[in-house]
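Chains as they are written, first to last, in our numbering: chain Z, 8 to 229; chain U, 120 to 311.
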Amino acid sequence: MRNKVLTAVAMVLLGTVTAQAEPRFHAPGDLLENSGEGVKSPVLFFPEMRFPIESGPVYANSHAYSIGGAKGPTGDSCEASNYSFPWRDNFCEFRRSDQPLCGAGGHTGQDLRPATCEKSVHWAVAATNGVIAHVGRFAVTVQSSDGALHRYVHLDMDSVAVAPMDRVAKGDRIGKVSNSWLSEIPIHLHYDIKQPMQIDGQVHALFLPPYSSLVAAYEKLN
Amino acid sequence: MLKELVKTPSVGAIVGALAYGMLTAGPSIADSHGTVLVVENQIDWSAAEASATATAEREQTPSKAFLALTNSTDITALPVMLFGDEAGLSIPAFVSQGSAYAAFYAESDIQISISGSKAVVQAPDGLTLHHEPAAYENIGDGADYSLQRFGANYTLRITCYQPTEDARCTQPDYLTELAGTLFVVKGQANEK
Chain Z
8 MRNKVLTAVA MVLLGTVTAQ AEPRFHAPGD LLENSGEGVK SPVLFFPEMR FPIESGPVYA
68 NSHAYSIGGA KGPTGDSCEA SNYSFPWRDN FCEFRRSDQP LCGAGGHTGQ DLRPATCEKS
128 VHWAVAATNG VIAHVGRFAV TVQSSDGALH RYVHLDMDSV AVAPMDRVAK GDRIGKVSNS
188 WLSEIPIHLH YDIKQPMQID GQVHALFLPP YSSLVAAYEK LN
Chain U
120 MLKELVKTPS VGAIVGALAY GMLTAGPSIA DSHGTVLVVE NQIDWSAAEA SATATAEREQ
180 TPSKAFLALT NSTDITALPV MLFGDEAGLS IPAFVSQGSA YAAFYAESDI QISISGSKAV
240 VQAPDGLTLH HEPAAYENIG DGADYSLQRF GANYTLRITC YQPTEDARCT QPDYLTELAG
300 TLFVVKGQAN EK
């Protein structure tokens, strides 16, 4: 009897493993259909970054185009499918239309849903050593020593554990992930990074694609 | 560690990995990428010093207020630029990271920062500009204004209590005017 149970468990697990035999991460630039034109470069712009949420699992996908989002199917944003793999890049998703690196669309960063659909529970943490360069109504900006500006948006600002000009190290707690904004939005961290880049012979401060770096950092986290 | 678990799966290990959503198939994205080169620009200290000299008399008040800050003497390897007296802002908080610095102005319903640095990422092959970058850009909860001076890069960031209504965040005029008041408060004499 015991052997039959173990065999059944093994079969179920084998089936599950087979079902899981697909990437946990869609490729960089592979945005949801009709949501914009992503940047397909797999380059790690921030290879040393720490993942910006303290612990996993974390689900990277569009808060706007997924279920319960402003531009997505009607439903509850806490829907299980929003909290599942594989990850989906949403840098350059349709928001504004003039992002320099975006062929179409203009979302400046990546949406990250924390482990559970609860606000003010999961900590956003410093992805880099640096200083707190800016604290606004909804967001905190960390400046790294090479001048990159890492921005954490939609935090529970009452939970923010840092003040302007504080020095932070990778992994230090910044604030809890929430949905703070002018109106109700799904719980998520909007995370973006801006840094001067030399491109086509000139230097411009640009929001850079964070997705590949986030994937690499997440794999190190786990 | 996880990959080791997957290579030699035990029932317990597989269950644990599944519960955490961590089984992978094939090479990961992280296996197939490159990284970027970051270089530090040369600073034109002669131009920075000349600029500081030209504005020294006009900007005595914010200069003195800045120099009274305990960390204003921290070594900064680029010209420190602050908003001039004409901006009418409070005394900023300041912190240096050597090759970068930040100044933060907390006003009643807006916050403004200046982030200066001299590091520049070199664009990797295949990355292209689809739209001409502008100095001013809306960032949702506020706006940025970026400029290059003396070989260094400066980003002014403003956030507003009402970011979709306050013209200081929705229109470029205010940040552009603030950028026009920037002056060099600290130059080569402070660089080691």
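Cβ coordinates follow ideal geometry from the N, Cα and C atoms, glycine included.
- Who are the neighbours of residue 153/U on chain Z, taking C-beta pairs under 8 Å? For the purposes of this step, residue 153/U is taken as residue 34 along the second sequence, with counting starting at 1. Here the neighbours are 49, 50, 51.
- Query: Is residue 275/U close to chain Z, meaning its C-beta is less than 8 Å from at least one C-beta of that chain?
  - Reply: For the purposes of this step, residue 275/U is identified with residue 156 of the second sequence, where counting begins at 1. No, its Cβ sits nowhere closer than 8 Å to a Cβ of chain Z.
- Which runs of the beta strand (DSSP E) fall wholly inside the segment 72–131 of chain Z and span at least 3 residues, in chain order? 117–120
- Should residue 127/Z and residue 137/Z be called a contact, given that it needs their Cβ atoms to be closer than 8 Å? The count along the first sequence starts at 1 and reaches residue 127/Z at position 120. The count along the first sequence starts at 1 and reaches residue 137/Z at position 130. Cβ distance not < 8 Å, so residue 127/Z and residue 137/Z don't count as in contact.
- Query: Does the beta-carbon of residue 194/U have 16 or more other beta-carbons within 10 angstroms, so that it is buried, or is it exposed?
  - Reply: As a working note, residue 194/U is residue 75 in the second sequence. Counting Cβ neighbours within 10 Å, residue 194/U comes out exposed, since fewer than 16 surround it.
- Task: Assign residue 207/U to one of two classes, buried (16 or more other C-beta atoms within 10 Å of its C-beta) or exposed (fewer than that).
- Result: Residue mapping note: residue 207/U aligns to position 88 of the second sequence, counting from 1. Its Cβ having fewer than 16 others within 10 Å, residue 207/U is exposed.
- Query: Given residue 202/U, which residues of its chain have a CB within under 6 Å of its CB, disregarding the five upstream and five downstream residues?
  - Reply: On the second sequence, position 83 is the one that residue 202/U refers to. Closer than 6 Å at Cβ, skipping near neighbours: 208, 297, 300.
- Return the CA-CA distance between residue 205/U and residue 154/U, expressed in angstroms with no decimal places. The sequence position of residue 205/U within the second sequence is 86, counting from 1. The sequence position of residue 154/U within the second sequence is 35, counting from 1. Approximately 43 Å, taken between the alpha carbons.
- Which residues in the same chain have their Cβ closer than 6 Å to the Cβ of residue 104/Z, if we skip the five residues on either side of it in sequence? Numbered from 1 along the first sequence, position 97 holds the residue referred to as residue 104/Z. Closer than 6 Å at Cβ, skipping near neighbours: 113.
- What did DSSP end up calling residue 147/U once you bin it into helix, strand or coil? Counting from one through the second sequence, the residue named residue 147/U turns up at place 28. Since pLDDT at residue 147/U reaches only 43, below the 50 mark, its modelled position is unreliable, and no value is offered.
- DSSP-derived helix/strand/coil call for residue 141/U: Along the second sequence, one-based indexing puts residue 141/U at 22. Low local confidence applies: a pLDDT of 30 at residue 141/U is under 50, so the model's placement there is unreliable, with the coordinate-based value given in what follows. It is coil, neither helix nor strand.
- Task: Could you please give me the residues that DSSP links to residue 232/U through a beta bridge?
- Result: Here residue 232/U refers to the residue found at position 113 of the second sequence. DSSP output for residue 232/U lists 223/U, 276/U as bridge partner(s).
- Pick from 93/Z, 106/Z, 84/Z, 42/Z that is closest to residue 67/Z, judged by C-alpha positions: Numbered from 1 along the first sequence, position 60 holds the residue referred to as residue 67/Z. Among 93/Z, 106/Z, 84/Z, 42/Z, the Cα nearest to that of residue 67/Z belongs to 93/Z.
- Out of 64/Z, 162/Z, 77/Z, point me to the one whose CA is closest to residue 123/Z's CA. For the purposes of this step, residue 123/Z is taken as the residue at position 116 of the first sequence. Checking every option, the nearest Cα to that of residue 123/Z belongs to 64/Z.
- Query: Beta carbon of residue 56/Z, beta carbon of residue 168/Z: below 8 Å?
  - Reply: Taking the first residue of the first sequence as position 1, residue 56/Z is located at position 49. Taking the first residue of the first sequence as position 1, residue 168/Z is located at position 161. For residue 56/Z and residue 168/Z, no; Cβs fall outside 8 Å.
- Test: residue 11/Z CB closer than 8 Å to a CB of chain U: Within the first sequence, numbered from 1, the residue matching residue 11/Z stands at position 4. Because the pLDDT at residue 11/Z is just 44, under 50, the model does not fix this residue reliably, and the value given afterwards should be weighed accordingly. With 8 Å as the cut-off, residue 11/Z does not count as an interface residue toward chain U.
- Kindly indicate if chain U contains any beta-carbon less than 8 Å away from that of residue 201/Z. Working through the first sequence from its first residue, we reach residue 201/Z at position 194. At least one chain U Cβ lies under 8 Å of residue 201/Z.
- the segment 52–85 of chain Z: positions lying closer than 8 Å to chain U by Cβ: 52, 54, 63, 64
- residue 62/Z to residue 34/Z span [Cα, whole Å]: Along the first sequence, one-based indexing puts residue 62/Z at 55. Along the first sequence, one-based indexing puts residue 34/Z at 27. Roughly 22 Å separates the two Cα atoms.
- Task: Can you tell me which of the three DSSP states residue 179/U falls into?
- Result: Translated into the one-based positions of the second sequence, residue 179/U becomes position 60. Correct three-state label for residue 179/U: helix.
- Validate contact between the segment 34–44 of chain Z and the segment 200–209 of chain Z using beta carbons, cut 8 Å, 3 pairs: no
- Task: Show which residues of chain U have a CB atom less than 7 Å away from the CB atom of residue 143/Z.
- Result: To locate residue 143/Z, count along the first sequence from 1; it is residue 136. The contacting residues are 230, 260, 261, 278.
- residue 32/Z, DSSP secondary structure in three states: In the first sequence, residue 32/Z corresponds to position 25, counting from 1. Residue 32/Z: strand per DSSP, three-state reduction.
- Item | Pick from 91/Z, 110/Z, 42/Z, 109/Z that is closest to residue 77/Z, judged by C-alpha positions | Locating residue 77/Z in the first sequence gives position 70, where the first residue counts as 1. Here the closest residue by C-alpha is 42/Z.
- Which two residues bound the contiguous alpha helix (DSSP H) that contains residue 227/Z? Here residue 227/Z refers to the residue found at position 220 when the first sequence is read from its first residue. Start and end: 218–228.
- Item | Any 3 or more C-beta pairs closer than 8 Å across the segment 208–218 of chain U and the segment 249–259 of chain U | no
- Check whether residue 132/Z and residue 180/Z have beta carbons under 8 Å apart: Here the question's residue 132/Z lines up with position 125 in the first sequence. Here the question's residue 180/Z lines up with position 173 in the first sequence. Yes, the Cβ-Cβ distance between residue 132/Z and residue 180/Z is below 8 Å.
- Task: Could you have a look at residue 299/U and say whether DSSP puts it in helix, strand or coil?
- Result: For the purposes of this step, residue 299/U is taken as the residue at position 180 of the second sequence. Three-state DSSP puts residue 299/U in a helix.
- Message: Can you pull the chain Z neighbours of residue 223/U, defined as C-beta to C-beta under 9 Å?
- Response: Position 104 of the second sequence holds residue 223/U. The contacting residues are 139, 140, 141, 142, 171, 172.
- So, residue 276/U versus residue 115/Z, is the Cβ gap smaller than 8 Å? In the second sequence, residue 276/U corresponds to position 157, counting from 1. In the first sequence, residue 115/Z corresponds to position 108, counting from 1. Contact flag unset, no.
- Would you please state the rounded distance, in angstroms, between the beta carbons of residue 156/Z and residue 274/U? I believe it to be under 8 Å. One-based indexing of the first sequence puts residue 156/Z at position 149. One-based indexing of the second sequence puts residue 274/U at position 155. Indeed, because the Cβ distance is near 6 Å, the residues count as touching under 8 Å.
- Query: Is residue 233/U near residue 222/U, with beta carbons less than 8 Å apart?
  - Reply: Here residue 233/U refers to the residue found at position 114 of the second sequence. Here residue 222/U refers to the residue found at position 103 of the second sequence. Yes, the pair counts as a contact, with Cβ atoms nearer than the cut-off.
- Is the CB of residue 149/U under 8 Å away from at least one CB in chain Z? By 1-based counting over the second sequence, the position of residue 149/U is 30. Reliability fails at residue 149/U, whose pLDDT of 43 lies under 50, so the model's placement of it is uncertain and the value that follows must be treated cautiously. For residue 149/U, the answer is yes, since a Cβ of chain Z falls inside 8 Å of its Cβ.
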